[in-house]
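A.B. asks: So in this note's numbering, spot 122 of the sequence shown is number 134, and the numbers just go up one at a time. By construction, the Cβ of each residue, glycine as well, lies at the ideal position given by its N, Cα and C atoms.
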Amino acid sequence: MRHNKKFNHLGRKKAHREALLSNMTISLIMHKRIFTTLAKAKALRMYCEPLINRSKKDDMANRRLVFSYLQNKDAVKELFGVIAEKVADRPGGYTRILKTGHRLGDNAEMCMIELVDFNEAMLEGKEPKKAKTTRRSRRKKTATEAAPATETPAAE
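#1: Considering Cα atoms alone, identify which of M134, D129, A143 and R24 is closest to L40.
#2: Counting along the chain, where does the beta strand (DSSP E) carrying I109 start and finish?
#3: Anyone know if the C-beta pair for N84 and A55 falls short of 8 Å?
#4: Between which two residues does the alpha helix (DSSP H) holding L40 run?
#5: Check whether the Cβ atoms of V99 and I46 lie closer than 8 Å to each other.
#6: By Cβ distance, which residues of its chain are closer than 7 Å to L110, with the 5 residues on each side in sequence left out?
#7: Out of curiosity, what's the CA-to-CA distance linking A120 and M134?
#8: Y59 and L33: beta carbons closer than 8 Å?
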């Protein structure tokens, strides 16, 4: 019975699959965007997002744990430096998958997987969020509360 064995094995043995996902994660960290098949991108998202989440807290234990998965000092340095700064306030969802069509040879579904905070084109159109305000009471504001006093410049 295959209870609780739902992740995609990608047609590979365990060691081959882990090497593939580790190498793809290193490429994603270093280049911020890679092109691959949809199945590999979905498997990569499940593999790399917990590692990116670990990078938010920069301590020796997290660095060693991430290094045990990646085995690349440059990628770990990039992850805990540049990427950790950008994802510090994001509660999850660090990657985005965009479908790009089908591959010509075998008709495999291709896509682009990228780090969300590093796509400048999508970040340009986005406006900063306004702080939410809630109405606590139904009382009317007085004239002094509605229009705060403004200072007049002194004549010199």
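C.D. replies: Answer, in terms of the structure:
#1: Residue 40 sits at position 28 when you count from the first residue of the sequence shown. Answer by Cα proximity: D129.
#2: Start at 1 with the first residue of the sequence shown, and residue 109 comes out as number 97. From DSSP, the beta strand (DSSP E) with I109 extends over T107 to H114.
#3: Taking the sequence shown and counting its residues from 1, the one referred to as residue 84 is at position 72. Taking the sequence shown and counting its residues from 1, the one referred to as residue 55 is at position 43. Cβ distance not < 8 Å, so N84 and A55 don't count as in contact.
#4: Residue numbering aside, residue 40 sits at position 28 when the sequence shown is read from its first letter. From DSSP, the alpha helix (DSSP H) with L40 extends over K26 to H43.
#5: Sequence index remark: in the sequence shown, residue 99 carries index 87 (1-based). Sequence index remark: in the sequence shown, residue 46 carries index 34 (1-based). No, the Cβ-Cβ distance between V99 and I46 is not below 8 Å.
#6: Walking along the sequence shown from the start, residue 110 turns up at place 98. Taken in chain order, the residues that qualify are C123 and M124.
#7: The count along the sequence shown starts at 1 and reaches residue 120 at position 108. The count along the sequence shown starts at 1 and reaches residue 134 at position 122. Their backbone Cα atoms lie some 27 Å apart in a straight line.
#8: As a first step, residue 59 must be located in the sequence shown, where it is residue number 47. As a first step, residue 33 must be located in the sequence shown, where it is residue number 21. Going by C-beta atoms, Y59 is nearer than 8 Å to L33.
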